[in-house]
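At the far end of the sequence shown sits residue 1065, using this note's numbering, and the numbering has no gaps. Glycine is no exception: its CB is placed at the ideal position from the N, C-alpha and C atoms. The block underneath contains the structure these notes are about, expressed in structure tokens.
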Amino acid sequence: MTHPSFATLAITAGLGASCGNPDHISVDLDITGANQAVIIRLDGQNLIPYDTLAITDKLMLELPLDSTRNTFYNVLFNTGSFIRIGLSDGDDITGYVDASHSLADYQIEGSAISQQLHALYQPVQQSNVVLDSLEARRNQLRGDEGNPLEREITHRQVMQSQYKVHRLALDQIMASDSSNLANVFGFFQRFAQVPLYQIPEDLALQMAYAEALIKAHPNHPLVQLFANQLASYLSEIEEAPAS
823 MTHPSFATLA
833 ITAGLGASCG
843 NPDHISVDLD
853 ITGANQAVII
863 RLDGQNLIPY
873 DTLAITDKLM
883 LELPLDSTRN
893 TFYNVLFNTG
903 SFIRIGLSDG
913 DDITGYVDAS
923 HSLADYQIEG
933 SAISQQLHAL
943 YQPVQQSNVV
953 LDSLEARRNQ
963 LRGDEGNPLE
973 REITHRQVMQ
983 SQYKVHRLAL
993 DQIMASDSSN
1003 LANVFGFFQR
1013 FAQVPLYQIP
1023 EDLALQMAYA
1033 EALIKAHPNH
1043 PLVQLFANQL
1053 ASYLSEIEEA
1063 PAS
């Protein structure tokens, strides 16, 4: 997952904060490893700075819902890690975040969207552990007189296996709650820079999810963007000359 730099966002954060919306969701998180956070609201394809906050073990705030009543925020820590949360009517978010490393370790409760985002984040963490261990092993054996071809074959086999494990985990998580808005983010995950859902192979699957999301959230900009992108892919495939 990629995110904008902390320094860039910190300059403009706070400009989007507003007290005009009476519909706010409570967020109460225990924080370790960071002392500052930038809060960014996702508005379709746009990232809108909301606030910059100092952290002293706790991050407690009231975040407004936008007109969709299903609102996403990125919480970007000054350690470089971040989490994404989603808010809906009636949510009351609690949890903890260890922001010490580039990939945050966190738990969250009180929000169906945020909990689905967290579930989709778990395969990312697990794959990162595998990739780190492979890189450490490769560095350890650098210059070793053993069979380099055999090592490379083993390396590729582990990579291919984890790719399948990661993909299967995402499939199962999204199938458990097919109309959850968080699923849109799952379709854009990568393993070692390789997309876990590819076009045209997975287009039919993604379109089935888009249909479920449109039915549940017909006016949400995230769903509309996802559906429009899939429609564009389908159009390109249909217009491509037969081979």
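Min CB distance residue i to chain B below 8 Å
i	result
ASP999	Any reference to chain B falls outside this structure, which holds one protein chain only.
C-beta atoms of residue i and residue j nearer than 8 Å
i	j	result
ALA1004	LEU939	yes
SER914	SER998	The identity of residue 914 in the sequence shown is Asp, whereas the question assumes Ser. No, they are not a contact pair.
TYR1025	LEU1052	At residue 1025 the sequence reads Leu, which differs from the Tyr that was named. Going by C-beta atoms, LEU1025 is nearer than 8 Å to LEU1052.
SER773	PHE1013	For residue 773 there is no data in the structure shown, the boundaries of the chain being 823 and 1065.
ASN857	ILE870	no
LEU992	GLY917	no
VAL897	ILE930	no
VAL946	GLN867	no
Rounded straight-line distance, which links the Cα of residue j to that of residue i
i	j	result
GLN1046	PRO1040	8 Å
PRO1063	LYS880	57 Å
ILE1036	PRO1043	10 Å
LEU1027	PHE1009	10 Å
HIS846	SER983	43 Å
ARG973	GLN944	28 Å
LEU875	PHE894	18 Å
LEU1056	MET882	44 Å
GLY932	LYS986	31 Å
ASP888	GLY908	11 Å
ALA1032	VAL980	32 Å
PRO886	SER955	41 Å
ARG960	HIS988	22 Å
ASN900	GLU884	21 Å
TYR872	ALA859	11 Å
HIS977	GLY855	33 Å
LEU963	VAL1016	25 Å
GLY968	LEU953	21 Å
GLU1061	GLN1020	18 Å
ASN1050	ALA934	25 Å
Status (buried if at least 16 other CB within 10 Å, exposed otherwise) for residue i
i	result
ARG863	buried
ARG906	buried
VAL919	buried
HIS923	exposed
ALA1030	exposed
Extent of the continuous alpha helix (DSSP H) to which residue i belongs
i	result
TYR895	Not the alpha helix (DSSP H): TYR895 falls in the beta strand (DSSP E), residues 892 to 899.
ARG960	934 to 962
TYR928	Not the alpha helix (DSSP H): TYR928 falls in the beta strand (DSSP E), residues 927 to 931.
GLU1033	1025 to 1038
ILE1059	1043 to 1061
GLY855	Run containing GLY855: none; DSSP gives neither H nor E here.
PHE1007	1005 to 1008
Start and end residues, beta strand (DSSP E) containing residue i
i	result
ASP873	868 to 876
TYR918	914 to 920
ARG973	Run containing ARG973: none in the beta strand (DSSP E); it sits in the alpha helix (DSSP H), 970 to 997.
ILE905	904 to 910
LEU1018	From DSSP, LEU1018 is part of no beta strand (DSSP E); its letter is neither H nor E.
LEU881	880 to 886
Assumed close pair residue i, residue j - CB separation to whole angstroms, cut-off 8 Å
i	j	result
ASN892	SER910	5 Å
ILE975	ALA921	Wrong, their Cβ atoms sit about 38 Å apart, outside the cutoff.
PRO1022	ILE1059	5 Å
LEU1068	PHE1007	Since the first residue of the chain shown is 823 and the last is 1065, residue 1068 is not available in this structure.
ALA958	SER1001	At roughly 40 Å, the Cβ-Cβ gap does not stay under 8 Å, so ALA958 and SER1001 are not in contact.
heavy atom of the ligand ATP below 7 Å from residue i C-beta
i	result
ALA856	Because no ligand of any kind appears in the structure shown, any question about the ligand ATP cannot be addressed here.
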